[in-house]
Amino acid sequence: EAAVTQSPRNKVAVTGGKVTLSCNQTNNHNNMYWYRQDTGHGLRLIHYSYGAGSTEKGDIPDGYKASRPSQENFSLILELATPSQTSVYFCASGGGGPNTGQLYFGEGSKLTVL
Amino acid sequence: GDSVTQTEGQVALSEEDFLTIHCNYSASGYPTLFWYVQYPGEGPQLLFRASRDKEKGSSRGFEATYDKGTTSFHLRKASVQESDSAVYYCALSDNYQLIWGSGTKLIIKP
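If you read the sequences in order, they're chains H and E.
Mapping the first sequence onto my numbering, position 108 (from 1) lands on 108, and the numbers just tick up by one.
When you read off a place in the second sequence, starting at 1, and then add 114, the result is the number in my numbering.
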């Protein structure tokens, strides 16, 4: 069974603080993704990675950084959190080529920035 | 660029009703098409996929047929149950990226 684990599952942060959301996958997938989900906006891609050491900007990267130190781990970093970044964040992993698009998601991290 | 359009933002049905959620896409070539389902409090999970014209994907009583002529991949189920309450996303992949529709919330009326 494919497994993607996110931590923390819930986080309350203060404006201007640093937040790190972590994701671990045991699927041995090359590709990993960070999405945010807000009511009325569906899923929006923030950053993604093709493998260890690589990060790419998605559709809404401003205010976020990403880090992929290993095949298994992919982090999303908010250096200076703002209330507009209050959202639910999902990490996903997936294969490439003909399997691109077949993603396995974590259960989400709910972030509230006060 | 490529795009996916789901026309219904929300669908409200009674148990045992027939479900149709419309999905149309715009892309060159033969993208792979997907339906994902997201239950409350969970991440999206793949329902099924289809890669060729006229291919039918199916799972858990849901089905959709890839139609290149009408650029559609409509989701159907003959008889919905309360447990089907969820948000359904249509998506396409061109082997480089996944393009998501806006999602359709299915509500089962008591």
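Using N, Cα and C, we set each Cβ at its ideal position, and we do this for glycine too.
- Message: Tell me which residue opens and which closes the beta strand (DSSP E) that H/Val128 is part of.
- Response: Since the first residue shown for chain H is 1 and the last is 114, residue 128 of chain H is missing from the structure and cannot be characterised.
- Is the beta carbon of H/Asn31 sitting closer than 8 angstroms to the one on H/Gly95? For H/Asn31 and H/Gly95, yes; Cβs fall inside 8 angstroms.
- Report the residues of the region 163 to 187 of chain E with a CB closer than 8 angstroms to any CB of chain H, ordered along the chain. Arg163 and Ser165
- Query: Going by the CB atoms, is the gap between H/Gly106 and H/Ala4 shorter than 8 angstroms?
  - Reply: Note that residue 4 of chain H corresponds to Val in the displayed sequence, not to Ala. It is a contact, given that the beta carbons lie within the stated cut-off.
- Item | Residue-level contact to chain H via CB, E/Ala205, 8 angstroms cutoff | yes
- Report yes or no: is there a C-beta of chain E within less than 8 angstroms of the C-beta of H/Leu111? no
- Considering only residues of the region 130 to 210 of chain E, which uninterrupted beta strand (DSSP E) runs meet the minimum length of 3 residues and lie entirely inside it, listed in chain order? Taking only runs of at least 3 residues, the beta strand (DSSP E) segments lying wholly in the region 130 to 210 of chain E are 133 to 135, 137 to 140, 146 to 152, 159 to 164, 170 to 173, 176 to 179, 189 to 191 and 200 to 207.
- Item | Proximity of E/Val201 and E/Asp131 at Cβ, strictly below 8 angstroms | Going by C-beta atoms, E/Val201 is not nearer than 8 angstroms to E/Asp131.
- Query: So is E/Pro224 in contact with chain H if we call contact Cβ pairs under 8 angstroms?
  - Reply: no
- Is the CB of E/Leu127 under 8 angstroms away from at least one CB in chain H? no
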